[in-house]
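Asker: Count along the sequence shown from 1, add 22, and you get the number used in the working numbering.
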Amino acid sequence: MGETENHHHHPPPPQAAAPPAAPPSLALSRGPTWTPAEQLHQLQYCIHSNPSWPQALLLAFQHDIVNLGTTVLIASNIVPLMGGTHGDKARVIQALLFMSSINTLLQTLIGSRLPTVMGASIAYTLPLFSIINDYNDEDFASPHDRFVHSMRTIQGSMIVSSFLNIILGYGRAWGELTRFFSPIVVVPVVCLVGLGLFARGFPLLGNCVEIGLPMLILLMICQQYLKRIHSRAHLILERFALLLCIGIVWAFAAILTVSGAYNNVKPATKQSCRTDRSFLMSSAPWIKIPYPFQWGTPIFRASHVFGMLGAALVSSAESTGTFFAAARLSGATAPPAHVLSRSIGLQGIGMLLEGLFGSLVGTTASVENVGLLGLTHIGSRRVVQISTAFMIFFSIFGKFGAFFASIPLPIFAAIYCILLGIVAASGITFIQFANSNSMRNIYVLGVSLFLGLSIPQYFVTSRTFDGHGPVRTNAVWFNDILNTIFSSHATVAIIVGTLLDNTLEANHVEDRGIPWWKPFQHSKGDVRTEEFYSYPLRINEYLPSRFL
């Protein structure tokens with residue numbers, strides 16, 4: 023009662039108006055939302071699970087066929103310019119396959135430990151053009167002598183430049199660089215690892231539309247639609263539709279070739295469409311084991327060594343982006359800094375071996391084969407390790423390798439249209455760990471993606487037929503380094519994205535995704551790191567901790 027009287031005689035002070043209630047989230051009323059997933063859960067086999075041996079063998083053979091396309095493409099474009107014959111081209115392909123198998127096995131055992139095939143890198147073509155141009159002005163007894171001299175110079179350049187990757191990797195410098203990454207940097211890097219190879223897609227397919235386009239359409243229909251017919255068909259077509267479609271379209275191309283459909287067409291069309299224009303079956307030896315210094319004593323020229331250093335740096339940058347995509351598509355967590363360091367160091371050792379064995383170019387993590395992990399939903403490490411046995415077999419028994427190397431390149435181009443797109447899309451998924459509604463992040467992503475596409479395109483379109491890029495000073499080695507670096511989409515994305523992301527202020531550290539990212543930068547930051555990236559057979563017990 024007393025409280026009531028007090029209320030009437032002393033009215034309460036006026037209260038501040040309550041803030042307006044926040045509008046209800048329309049997203050919740052329109053459907054479910056998805057929480058970020060550090061690992062993909064729709065894979066049938068992840069990095070450390072294995073399919074049955076018969077399936078693993080077929081899947082491994084599929085990886086080998088996919089890797090073969092880029093190998094043949096590089097050898098077919100470069101060897102004739104060096105003065106090599108069809109027999110020389112066959113030997114170069116054998117050497118490339120042999121070194122690809124060795125480096126793949128090393129990387130999956132004591133390198134990145136990810137299911138990545140190490141394939142021939144196109145980043146080395148600019149330094150090769152410089153070597154070719156230098157020797158075009160010299161007199162040789164025959165074109166074959168010029169080819170051998172060029173190969174010896176490539177050997178010497180690769181041997182010396184390999185130490186750059188060895189120092190960056192095992193000196194831990196590369197891993198320290200990746201600590202400046204965040205999901206905002208990884209998105210454009212991984213996207214451009216795939217999108218940057220668009221020239222291997224429809225532009226190459228268009229050289230023979232009547233073969234390439236049916237391959238592209240048939241692969242999409244078989245792998246995505248026909249698998250729904252029956253549960254058994256789902257299993258077979260999802261995993262092996264690629265081999266089935268290659269066989270069908272390759273047979274169709276052979277029928278067109280035998281029937282004379284290409285007898286009265288342009289030479290370029292014959293080269294792209296006919297199944298007998300590679301001349302590898304007739305020129306490849308039955309048995310040939312690649313061995314050190316098979317072309318002769320290496321030749322060391324400082325100008326060519328410096329040019330090759332740029333290619334070594336670019337291959338490291340592109341491999342780094344590919345490793346992130348491989349981790350995503352194999353069900354692993356993001357590779358930590360120490361794993362990236364040791365993988366780049368091992369890539370340098372692989373480059374040293376390639377120089378010793380006379381490989382035409384160095385290797386990098388194959389983007390196409392990583393896309394195959396996403397296509398088949400099988401990220402098994404063992405499958406990729408088994409594929410090295412096929413590579414060694416084809417590199418030694420040349421006729422067998424030459425048979426599959428005669429698949430027309432537009433067929434491979436159709437495959438790459440899908441595989442490279444899968445890799446690019448896997449890069450987009452990293453944005454889920456950062457704030458995609460931040461205008462600052464949108465700026466960094468947009469500028470990194472656009473310049474990562476635009477700058478290399480300028481350098482490529484400004485390149486002359488003989489390989490001279492837009493940077494043209496009196497120092498050829500300096501030109502080669504800059505032209506090589508800025509012709510790489512992934513390398514430009516790393517440079518632009520890292521600079522912007524680490525210099526532009528963010529409202530909150532969470533906007534950049536740093537709280538999610540930091541645990542994966544350290545060997546003990548996440549319990550799953552040991553599961554995915556530790557050495558096999560307890561090798562880590564015998565190695566210094568800096569290499570773990």
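Here a beta-carbon is modelled for each residue, glycine too, at the ideal position from N, C-alpha and C.
Can you tell me which of the three DSSP states GLY24 falls into?
Answerer: Within the sequence shown, residue 24 is the residue found at index 2, counting from 1. Interpretation of GLY24 is limited by its pLDDT of 43, a score under 50 that renders its predicted location unreliable; no figure is taken from the coordinates.
Asker: Could you give the distance in angstroms between the alpha-carbon of SER458 and the alpha-carbon of VAL209?
Answerer: Taking the first residue of the sequence shown as 1, we reach residue 458 at position 436. Taking the first residue of the sequence shown as 1, we reach residue 209 at position 187. Each residue's Cα considered, the two are about 11 Å apart.
Asker: Is it buried or exposed for SER183, if we count other Cβ within 10 angstroms and need 16 for buried?
Answerer: Residue 183 sits at position 161 when you count from the first residue of the sequence shown. So SER183 ends up on the buried side.
Asker: Compare the Cα-Cα distances from GLY498 to each of ILE153, LEU81, ARG560, ILE188 and report the closest residue.
Answerer: Walking along the sequence shown from the start, residue 498 turns up at place 476. Strictly speaking, residue 498 in this sequence is Val, with Gly absent from that position. Closest by alpha carbon: ILE153.
Asker: Would you kindly work out how many angstroms separate the C-alpha atoms of ILE414 and ASN529, rounded to a whole number?
Answerer: As a first step, residue 414 is located in the sequence shown; it is residue number 392 there, counting from the start. As a first step, residue 529 is located in the sequence shown; it is residue number 507 there, counting from the start. Each residue's Cα considered, the two are about 53 Å apart.
Asker: Beta-carbon within less than 7 Å of GLU27's beta-carbon, same chain only, minus the 5 sequence neighbours each way: which residues are those?
Answerer: Taking the first residue of the sequence shown as 1, we reach residue 27 at position 5. In this prediction, GLU27 has a pLDDT of 43, which is less than 50 and means its spatial position is unreliable; nothing more can be read from the coordinates.
Asker: Name the residue from LEU559, GLU532, GLY519, PRO478 whose alpha carbon lies nearest to the alpha carbon of PHE220.
Answerer: Taking the sequence shown and counting its residues from 1, the one referred to as residue 220 is at position 198. When each option's Cα is compared against that of PHE220, the closest is PRO478.
Asker: Output the distance between the C-alpha atoms of LEU214 and THR386, rounded to the nearest integer angstrom.
Answerer: Taking the sequence shown and counting its residues from 1, the one referred to as residue 214 is at position 192. Taking the sequence shown and counting its residues from 1, the one referred to as residue 386 is at position 364. Approximately 15 Å, taken between the alpha carbons.
Asker: Ends of the beta strand (DSSP E) at ALA142?
Answerer: The sequence position of residue 142 within the sequence shown is 120, counting from 1. Counting along the chain, the beta strand (DSSP E) containing ALA142 begins and ends at 140-142.
Asker: Taking the alpha-carbon positions, what's the PHE162 to ILE309 distance?
Answerer: In the sequence shown, residue 162 corresponds to position 140, counting from 1. In the sequence shown, residue 309 corresponds to position 287, counting from 1. For PHE162 and ILE309, the distance between alpha carbons rounds to 29 Å.
Asker: Using the C-alpha atoms, what's the distance from GLY91 back to ALA411?
Answerer: Stepping through the sequence shown from its first residue, residue 411 is reached at position 389. Stepping through the sequence shown from its first residue, residue 91 is reached at position 69. About 18 Å.
Asker: By a C-beta neighbour count over all protein chains shown, 10 Å radius and 16 as the cutoff for buried, is VAL327 buried or exposed?
Answerer: Counting from 1 along the sequence shown, the entry for residue 327 is found at position 305. Under this definition VAL327 is a buried residue.
Asker: Select from THR525, LEU394, GLY491 the residue whose C-alpha is nearest the C-alpha of PHE434.
Answerer: Against the sequence shown, residue 434 aligns to sequence position 412. The shortest C-alpha separation from PHE434 is found at LEU394.
Asker: Using 8 Å as the threshold, is the segment 418-430 in touch with the segment 127-139, meaning 3 or more CB pairs across them?
Answerer: No contact exists between the segment 418-430 and the segment 127-139.
Asker: Whole angstroms is fine: what's the gap from VAL549's alpha carbon to HIS511's?
Answerer: Position 527 of the sequence shown, counted from the first residue, corresponds to residue 549. Position 489 of the sequence shown, counted from the first residue, corresponds to residue 511. About 33 Å.
Asker: Is it a yes or a no for the segment 260-274 touching the segment 218-238, going by three-plus beta-carbon pairs under 8 Å?
Answerer: Yes, the segment 260-274 touches the segment 218-238.
Asker: In the DSSP output, what is TYR67 paired with across the bridge?
Answerer: Counted from its first residue, the sequence shown places residue 67 at position 45. Partner(s): ILE400.
Asker: Check for me: the beta strand (DSSP E) holding ALA387 runs from which residue to which?
Answerer: Stepping through the sequence shown from its first residue, residue 387 is reached at position 365. Run containing ALA387: 385-387, per the beta strand (DSSP E) assignment.
Asker: Nearest CA to the CA of SER571: which residue from ALA356, PRO358, GLY367?
Answerer: Past the boundaries of the shown model lies residue 571; the chain is included only from 23 to 570, so the question cannot be answered.
Asker: Figure out for me which residue from HIS256, SER388, LEU475 has the closest Cα to the Cα of GLN129.
Answerer: In the sequence shown, counting from the first residue as 1, residue 129 sits at position 107. Considering only alpha carbons, the answer is SER388.
Asker: Tell me whether the beta-carbon of VAL212 lies closer than 8 Å to the beta-carbon of SER448.
Answerer: Within the sequence shown, numbered from 1, the residue matching residue 212 stands at position 190. Within the sequence shown, numbered from 1, the residue matching residue 448 stands at position 426. Yes; because the gap between Cβ atoms is below 8 Å, this pair is in contact.
Asker: Nearest CA to the CA of PRO312: which residue from LEU378, ILE450, LEU186?
Answerer: Taking the first residue of the sequence shown as 1, we reach residue 312 at position 290. Nearest option by C-alpha distance: LEU378.
Asker: Check whether the Cβ atoms of ALA349 and THR342 sit closer than 8 Å, and answer yes or no.
Answerer: Your numbering for residue 349 matches position 327 in the sequence shown. Your numbering for residue 342 matches position 320 in the sequence shown. Against a cut-off of 8 Å, the Cβ pair of THR342 and ALA349 comes out as no contact.
Asker: Keeping to the same chain, check which residues put their C-beta closer than 7 Å to that of TRP317; ignore five residues upstream and five downstream.
Answerer: Sequence index remark: in the sequence shown, residue 317 carries index 295 (1-based). So the qualifying residues of the chain are VAL170, MET173, ARG174, GLN177, GLY380.
Asker: For ALA249, which of helix, strand or coil comes out of DSSP?
Answerer: Locating residue 249 in the sequence shown gives position 227, where the first residue counts as 1. Reading the sequence as shown, one finds Lys at residue 249 and not Ala. Three-state DSSP puts LYS249 in a helix.
Asker: Where does ILE464 fall in DSSP's three states?
Answerer: Position 442 of the sequence shown, counted from the first residue, corresponds to residue 464. In the structure shown, ILE464 sits in a helix (DSSP, three-state: H, G or I).
Asker: Got a sec, what are the start and stop residues for the alpha helix (DSSP H) SER571 sits in?
Answerer: The requested residue 571 does not occur in the structure, where the chain is confined to residues 23 to 570.
Asker: Please list, in chain order, all residues of the same chain as GLU532 whose beta carbon is under 8 Å from its beta carbon, the five residues on each side excluded.
Answerer: For the purposes of this step, residue 532 is taken as the residue at position 510 of the sequence shown. Here the set comprises ASN457.
Asker: Hey, is the segment 298-305 in contact with the segment 101-119, meaning 3+ C-beta pairs nearer than 8 Å?
Answerer: These segments touch.
Asker: I'd like to know whether the C-beta atoms of SER365 and GLY133 end up nearer to each other than 8 Å.
Answerer: Working through the sequence shown from its first residue, we reach residue 365 at position 343. Working through the sequence shown from its first residue, we reach residue 133 at position 111. Contact: yes.
Asker: Helix, strand or coil for ARG261 per DSSP?
Answerer: Start at 1 with the first residue of the sequence shown, and residue 261 comes out as number 239. Looking at ARG261 - three-state DSSP - the assignment turns out to be helix.
Asker: Reducing DSSP to helix, strand and coil, say where GLN16 ends up.
Answerer: The requested residue 16 does not occur in the structure, where the chain is confined to residues 23 to 570.
Asker: Whose C-beta lies closer than 6 Å to the C-beta of LEU521 among residues of the same chain, with five residues either side of it excluded?
Answerer: For the purposes of this step, residue 521 is identified with residue 499 of the sequence shown, where counting begins at 1. Excluding sequence neighbours, LEU521 sits near nothing in its chain.
Asker: I'd like to check one pair, ASN89 with ASN391: are the Cβ atoms closer than 8 Å?
Answerer: In the sequence shown, counting from the first residue as 1, residue 391 sits at position 369. In the sequence shown, counting from the first residue as 1, residue 89 sits at position 67. Yes, these two residues count as a Cβ contact at 8 Å.
Asker: Counting contacts by CB-CB distance shorter than 8 Å, is SER363 in contact with chain B?
Answerer: Looking for chain B here will not work: only one protein chain is present.
Asker: In whole angstroms, what separates the C-alpha of PHE4 from that of SER509?
Answerer: Only positions 23 to 570 of the chain appear in the structure, and residue 4 is not among them; the question remains open.
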